[in-house]
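Heads up: the sequence shown begins at 47 in this note's numbering, then just goes up one per residue. Beta carbons are placed, not taken as given, at the ideal position from N, Cα and C, and that holds for glycine. To start, the structure itself, in structure tokens.
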Amino acid sequence: MVADSQSAIIQSRDNLANIKRRISQSAQSCDRSVADVTLVAVSKTIQGAGIEPVIAAGHRVFGENRVQEAEAKWPDLKAQTDDIMLHLIGPLQTNKVRVALGLFDVIETLDRPKLARRLALLMEETGARPDLFIQVNTGEEAQKAGVLPDECDEFVKLCRDELDLPVIGLMCIPPADEEPSLHFTLLRKIARRNGLAKLSMGMSADFDIAIEFGATHVRVGTAIFGSRPPLKPSLD
Ligand SMILES: *Cc1c(COP(=O)(O)O)cnc(C)c1O
47 MVADSQSAII QSRDNLANIK RRISQSAQSC DRSVADVTLV AVSKTIQGAG IEPVIAAGHR
107 VFGENRVQEA EAKWPDLKAQ TDDIMLHLIG PLQTNKVRVA LGLFDVIETL DRPKLARRLA
167 LLMEETGARP DLFIQVNTGE EAQKAGVLPD ECDEFVKLCR DELDLPVIGL MCIPPADEEP
227 SLHFTLLRKI ARRNGLAKLS MGMSADFDIA IEFGATHVRV GTAIFGSRPP LKPSLD
């Protein structure tokens, strides 16, 4: 088993280096600065021992999609390393906002007025002020979270202007079976007309393309940590 975990460490370090190289190639190919692209290493379903080698390799920005899972893993990992930046990239229920504010440095999944109002209230109360992305359902998929493209401008106004939330950008998860660049273009267009600078888009399969379409944050899981076990039902 020692040999196995040793090789897993080497593997995830190699993967990380490889992804960083591809990010810098994509950035160069469209005359963007590599410093303008943040790699969010998506560590969902990966145990602490699997995340540690990636931290040891110098990586600091991670993403989790379940509050409860993050709560179990990250306080320890954060206690070992000062400058971890943890992103929430999965759905946030209003009854988990307080926990989320204590845990996450960035919340990428702001997607409805009720959540916006709860965040505003508890940010005021706790003093926590994570950067926020609004999730946009660019494919208008019934089962997917996110504000519809048509309703996005109004939602930005509510969040940023009325509730004074620190919204810095937009996030999307394109439909699996569609050309992602169409969705990346749409997200960029909505962000620009609302004066939002950050775009979280692109995953293992398409982050190179996302960078060419302006991604400032790419969320990469399997290409760093390997394939995940099948999803268990959410406890959140
Ligand atoms: C799991 C997940 C990712 C990473 O997906 P990979 O295909 O493993 O890179 C990115 N974004 C969100 C919202 C996710 O849930």
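Same chain only: Cβ atoms within 6 Å of residue i, ignoring 5 sequence neighbours per side
i: A103; result: R59, L62
i: H229; result: T184, C218, P220
i: K190; result: N183
Residue i in three-state terms, based on DSSP
i: F179; result: strand
i: T268; result: helix
i: L216; result: strand
i: A222; result: coil
i: M47; result: Low confidence applies to M47: its pLDDT is 46, below 50, so where it sits in the model is not reliable enough to give any reading.
Separation of residue j from residue i, as counted between CA atoms
i: Q52; j: W120; result: 22 Å
i: V86; j: K203; result: 27 Å
i: N240; j: C76; result: 23 Å
i: E98; j: L123; result: 8 Å
i: T127; j: V107; result: 12 Å
i: A251; j: I130; result: 25 Å
i: K235; j: I270; result: 30 Å
i: I197; j: I214; result: Sequence inspection shows Glu at residue 197; the Ile mentioned does not correspond to that position. Roughly 17 Å between the two C-alpha positions.
i: M249; j: R265; result: 5 Å
i: E237; j: H105; result: Note that residue 237 is Ala in the sequence shown here, rather than Glu. Looking at the two C-alpha atoms, the distance is approximately 28 Å.
i: T140; j: E186; result: 23 Å
Pick from the options that is closest to residue i, judged by C-alpha positions
i: A243; options: I55, P212, L168, P137; result: P212
i: S89; options: L156, G109, P221, R206; result: G109
i: D151; options: P137, G136, L178; result: L178
i: L147; options: D128, Q71, G173, E200; result: G173
i: R144; options: T127, A118, V113; result: V113
i: A54; options: F201, A95, N183, I255; result: A95
i: E258; options: S70, I56, Q57, K142; result: S70
i: R158; options: P137, R175, L149; result: P137
i: E225; options: L209, C205, I255; result: I255
i: R175; options: G260, Q181, R164; result: R164
Chain B contact for residue i (CB, 8 Å cutoff)
i: I56; result: The structure shown contains no chain B; it is built from a single protein chain.
Close-in-space but distant-in-sequence residues of the same chain around residue i (CB under 8 Å, 5 per side omitted)
i: L167; result: none
To test your reading of the DSSP string, which unbroken beta strand (DSSP E) runs of 3 or more residues are found completely within the segment 127-169? Qualifying beta strand (DSSP E) stretches, in chain order: 131-134, 152-156.
Report the start-end ranges of each beta strand (DSSP E) in the segment 228-268 that is 3 residues or longer and not cut off at the edges. 244-246, 263-266
Suppose only complete runs of 3+ residues qualify. What are the beta strand (DSSP E) ranges in the segment 59-136, listed by chain order? 84-88, 107-110, 131-134
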